[in-house]
Amino acid sequence: EIAVGTGLFLSSRGVSNHSTKMTLIDLNANSLNSCEDRIQRSHSPDTEAVTDISMIVADITIAPEEESVLTPLKGKFHSVAANFLFHCLRGSNLNDKFNAFQNC
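Numbering (my numbering), first residue to last: -9 to 94.
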């Protein structure tokens, strides 16, 4: 999940009963910690908890050809969620936000 916010979406609908690994990416470490806590508290006793949550503080608007903490992650995921993200990115139009699309 990119730009995790408070973790509301992931805690209510975004984590399946079979999810055991998840990577959270955000610019704010406090948001990452809050989201992780909310996810762990949200699972019901009869479902498996997300046991492996990686948290990465990163800017997804960095040009994809530049080296960053995101570089080793390219091609490693079955799916990427960036819910409600693009309206928050700096830039006045989609061309300004193109790097974020390339990094997803």
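Built from N, CA and C at the ideal position, the CB exists for glycine as well.
Within its chain, find whatever has a CB closer than 6 Å to the CB of Lys11; leave out the 5 residues flanking it on each side and keep chain order. The residue you call residue 11 lines up with position 21 of the sequence shown. Only residues of its own chain outside the window of five on either side were considered, and among them Asp42 have a CB closer than 6 Å to the CB of Lys11, listed in chain order.
Rounded to whole angstroms, what's the CA-CA distance from Leu(-2) to Ile46? Just pull it up for me. Taking the sequence shown and counting its residues from 1, the one referred to as residue -2 is at position 8. Taking the sequence shown and counting its residues from 1, the one referred to as residue 46 is at position 56. It is roughly 18 Å from the alpha-carbon of Leu(-2) to the alpha-carbon of Ile46.
To the nearest angstrom, report how far apart Val70 and Arg28 are at their CA atoms. Within the sequence shown, numbered from 1, the residue matching residue 70 stands at position 80. Within the sequence shown, numbered from 1, the residue matching residue 28 stands at position 38. If you take the alpha carbons of Val70 and Arg28, they lie about 19 Å apart.
Burial state of Cys78 (16 or more Cβ within 10 Å): Position 88 of the sequence shown, counting from 1, holds the residue named residue 78. Counting other Cβ atoms within 10 Å of its Cβ, Cys78 stays below 16 and is therefore classed as exposed.
Between Ser32 and Ser1, which are expected to be in contact by the criterion C-beta below 8 Å, what is the C-beta distance as a whole number of angstroms? Against the sequence shown, residue 32 aligns to sequence position 42. Against the sequence shown, residue 1 aligns to sequence position 11. Rounded, the Cβ-Cβ distance is 4 Å, consistent with contact.
In angstroms with no decimal places, state the Cα-to-Cα distance between Cys25 and Asn18. Position 35 of the sequence shown, counting from 1, holds the residue named residue 25. Position 28 of the sequence shown, counting from 1, holds the residue named residue 18. Rounded to the nearest whole angstrom, the C-alpha separation of Cys25 and Asn18 is 11 Å.
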